[in-house]
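> Quick one: the structure is below, and I'll ask about it shortly.
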Amino acid sequence: MPDLPHLLAFIAAGWLLNLTPGPDVLYIVANSLRSGVRAGIVGGFGILAGCFVHIFAAAVGVGRLLATSAAAFAVLKYVGAAYLLYLGVRMVFSRAKAPADLRQAAAASGERGLKAIFMGGFWTNVLNPKVALFFLAFVPQFIAPGADNKGLYFVLLGVLFNLNSIPVIVGWAAFAGWMARRSAVQKGMHWLDRAAGVLFIGFGLKLAFTDAPAGRVGP
C-alpha cells in the first residue's frame, strides 16, 4: 500500500475527481431534484455498485481487455451510449408536473421506484468503458512498482476510492434536494429535466464518438 502522503494524495485526488460534473453527478442531481435527497443518494449508490464491477473486472483482466481490444471497447461503448441517449430522450420528453405533484412523487418514491433509480445508476456506470479505463490509468499510479500482489492492492485502493466518494454523493444529493425546495426551481423543474436530458444526450454522443485507447489491438 502507498505510504501516508501518497494515500492522502490518493484520497484528495478522488474527491476532486468525484466533484467533477459528469454523467454520474448529473444522474444524482437529477434524481434528487425530481424525487428527493434519498433518491439521489440511492442513485449514487447504484453508481458505486457499478464502480465495484469495474474495479474487480480490472483486477482480473477484463479492464485490460477493454484497453487493448477495439472490438470489446466498441461494443460496450455503443451499448453505454445508447443507454445514455435513452435516459436523455426520456427526460427531454417527460410530462411536466406541478410542484405539488413533484412533492407527492418524492414522498411516494417507494421500494420499487428506488430500486429502478439504483439500477439506472448501476447501468449508467457499468456500460461506460471510460470508467474501466479510468481505474486502469489512475489506481496503478499509487501502487509501488515492486509491490507483491498488485491485484490485491488494486482492489483495496479501488474500494477506498468508492468509500471516499460517499460524502461527495451525499453532498451532491443534499444540495440538489435543497435546490428542489426553492419555489423558483419547482416552477422550472420541467425545463431542468429537459436541460438534464440534453446533457445526457450530449454525454451519450460524446461516448459514442470516443476512440478506443491508443495502442489497441484487433479483436
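Residue numbering for the sequence shown follows this note's numbering, starting at 6 and increasing by one per position. Backbone N, C-alpha and C fix where the C-beta goes; we use that ideal spot for every residue, glycine too.
Please go through the same chain and pick out, in chain order, the residues whose beta-carbon is closer than 6 Å to the beta-carbon of Val42, but skip the five residues on each side of it.
Only Ala178, Ala179 and Gly182 meet the Cβ criterion.
> Pop quiz: Ala185 and Leu38 are said to be a contact at Cβ under 8 Å. What is the actual Cβ separation, rounded to whole angstroms?
5 Å
> Use the C-beta contact count for Asp8: other C-beta atoms within 10 angstroms, 16 or more gives buried, fewer gives exposed.
exposed
> State the Cα-Cα distance for the pair Ala62 and Asn169, rounded to the nearest angstrom.
Straight-line Cα distance between these residues: approximately 20 Å.
> Rounded to whole angstroms, what is the Cα-Cα separation between Ala64 and Arg187?
45 Å
> DSSP three-state call for Ser99: helix, strand or coil?
coil
> Comparing alpha-carbon positions, which option in Asn23, Leu12 and Leu13 lies nearest Asn167?
Selected option, being the one with the closest Cα: Asn23.
> Roughly how many angstroms lie between the CA atoms of Ala77 and Lys211, to the nearest whole one?
18 Å
> Could you check where the alpha helix (DSSP H) with Asn154 kicks off and where it finishes?
Taken as a continuous stretch (DSSP letters only), Asn154 belongs to no alpha helix (DSSP H), as it is neither H nor E.
> Who are the Cβ neighbours of Ala86 in its own chain at under 6 Å, not counting the five residues just before and after it?
Spatial neighbours of Ala86 in its own chain (CB-CB distance under 6 Å, excluding positions within 5 residues in sequence) are listed in chain order as Gly209, Leu212 and Ala213.
> Would you decide whether Asn133 is buried or exposed? Buried here means 16 or more other CB atoms lie within 10 Å of its CB.
buried
> Do Phe127 and Gly55 come within 8 Å of each other at the CB atom, strictly closer than that value?
The answer is yes: Cβ separation under 8 Å.
> Measure the C-alpha to C-alpha separation of Ala137 and Ala75 and round it to an integer number of angstroms.
14 Å
> Nearest-angstrom Cα distance between Val175 and Val144?
23 Å
> Evaluate Lys120 with the Cβ neighbour count: other Cβ atoms within 10 Å of its Cβ, from every protein chain shown; 16 or more gives buried, anything less gives exposed.
Exposed is the call here.
> Going by other Cβ atoms of all chains shown within 10 Å of its Cβ, with 16 needed for buried, is Phe140 buried or exposed?
Classified as buried, Phe140 has 16 or more neighbouring CB atoms from the shown chains inside 10 Å of its CB.
> Please determine, among Gly156, Ser99 and Pro172, the residue with the shortest C-alpha to C-alpha distance to Val203.
From the listed residues Gly156, Ser99 and Pro172, the smallest Cα separation to Val203 is found for Ser99.
> In the DSSP assignment, find the alpha helix (DSSP H) that holds Leu22 and state where it starts and stops.
Leu9 to Leu24
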